[in-house]
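A quick write-up on the structure given underneath.
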DNA sequence: CCTTGACTTGGAGTGCACTCCAGCAGGAAG
DNA sequence: CTTCCTGCTGGAGTGCACTCCAAGTCAAGG
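Protein chains in written order, with the working numbering: chain A, 50 to 194; chain B, 50 to 194.
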């Protein structure tokens with residue numbers, strides 16, 4: 050669905066993007082790497098998807114690998130249709146620490162199952178669309194309306 | 050008009066939506082059958098997704114099988130992520146008649162390809178999510194995000 | 001007759017997920 | 001020093017796809 054493709058980035062995990070410097074990244078760089086806009090990054094933080102990002106002496110955000118890892122997950126969850134409200138729930142659990150791991154795992158598993166079910170729905174819907182396409186393919190006879 | 054909105058039996062699986070005969074249905078019944086609200090049905094007509102539905106002597110809508118078939122297709126297109134603006138384009142072409150059949154077919158094929166690509170993306174995204182789930186599974190010392 | 005209830009209209013309102021903006025601040029270059 | 005650039009904040013605005021509503025109409029039932 051996303052139509053954002055910029056040069057680099059992509060997929061396989063920001064984990065690979067993190068490696069170079071362990072030095073923290075400014076918001077502009079993270080925007081480049083993730084494809085999210087600086088506004089969106091700040092908004093994610095505001096609504097609690099990302100824990101308070103550390104700042105430099107001038108108050109500017111300094112994203113560390115942990116933040117990038119969280120963002121990677123958030124992006125995949127969004128891309129697979131999880132509503133922001135549920136990601137907030139996840140973030141809340143993550144913030145609460147280790148005892149919530151089972152609940153977080155369950156949340157992700159339920160989401161995965163919903164996505165799988167959604168994919169199945171898509172295939173079913175495509176069937177109908179394919180049939181419609183087939184009705185056009187190589188035939189001009191029609192029943193007048 | 051063409052093959053599009055009244056192909057024979059096979060076009061769009063309306064069969065599910067057309068329970069019994071050919072008597073026209075009131076909006077309430079169509080809402081029940083489709084799961085769309087009466088408001089949405091009227092809105093679809095207003096924005097041109099559905100051609101003017103015929104009315105009874107009191108001005109009430111009377112949905113005929115042709116309308117239900119169109120609705121079936123529209124619902125599948127929406128369910129697969131086609132924006133309303135593109136469905137409007139389709140509806141406009143369908144209204145224009147037979148000469149636009151190739152363009153309609155192309156529109157549907159391009160949409161199908163986008164959906165297939167989207168499904169591929171979903172599988173890729175699930176990979177990341179599965180890895181995250183795996184990091185919880187049977188381990189309390191993973192990389193919490 | 002009146003009431004009920006399904007339906008009509010155009011327009012306003014909603015929820016979601018951003019997205020934009022005005023106004024300001026600190027650091028670097030010239 | 002000034003200028004430029006990047007970033008900051010809170011709040012307002014946007015686009016999409018509905019969803020709700022007030023006010024009115026019609027047909028049938030009591």
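Note that the Cβ used here is the ideal one computed from N, Cα and C, for glycine as well.
Computed from a predicted model, the values in this text were never measured in an experiment.
Below-8 angstroms beta-carbon distance, residue i vs any chain A residue
i, result
"residue 182 of chain B", "yes"
"residue 58 of chain B", "For residue 58 of chain B, the predicted model reports a pLDDT of 34, less than 50, meaning its position is unreliable and no value from the coordinates is stated."
"residue 158 of chain B", "yes"
"residue 129 of chain B", "yes"
"residue 82 of chain B", "no"
Segment limits, alpha helix (DSSP H) that includes residue i
i, result
"residue 121 of chain B", "114 to 128"
"residue 96 of chain B", "No alpha helix (DSSP H) holds residue 96 of chain B; DSSP gives it neither H nor E."
"residue 83 of chain A", "76 to 83"
CB contact check: residue i to chain B, cutoff 8 angstroms
i, result
"residue 179 of chain A", "yes"
"residue 161 of chain A", "yes"
"residue 96 of chain A", "no"
"residue 105 of chain A", "no"
"residue 121 of chain A", "yes"
"residue 89 of chain A", "no"
"residue 55 of chain A", "Only weak support is given to the placement of residue 55 of chain A: the predicted model assigns it a pLDDT of 36, under 50, and the value that follows is read from those uncertain coordinates. Chain B contact via Cβ: absent."
"residue 62 of chain A", "Unreliable placement is indicated for residue 62 of chain A, whose pLDDT of 45 sits below 50; no coordinate value is reported for it."
"residue 194 of chain A", "The predicted model places residue 194 of chain A with a pLDDT of 41, which falls under 50 and marks its position as unreliable; any figure quoted below should be read in that light. Chain B contact via Cβ: present."
Beta-ladder partner(s) of residue i, from DSSP
i, result
"residue 110 of chain B", "B/104"
Contact set between residue i and chain B, taken where Cβ atoms lie within less than 7 angstroms
i, result
"residue 185 of chain A", "52, 150, 153, 154"
Within chain A, partners of residue i - CB distance below 9 angstroms
i, result
"residue 175 of chain B", "125, 129, 161, 164, 165, 168"
Residue i: contacting residues in chain A (beta-carbon distance under 7 angstroms)
i, result
"residue 171 of chain B", "129, 164, 168"
Contact test: residue i Cβ vs the ligand SAH heavy atom, cutoff 7 angstroms
i, result
"residue 173 of chain A", "The ligand SAH is absent from the structure shown, which contains no ligands of any kind."
Could you name each continuous alpha helix (DSSP H) segment of 4 residues or more that falls completely within the region 130 to 163 of chain B, going from the start of the chain to the end? 133 to 145
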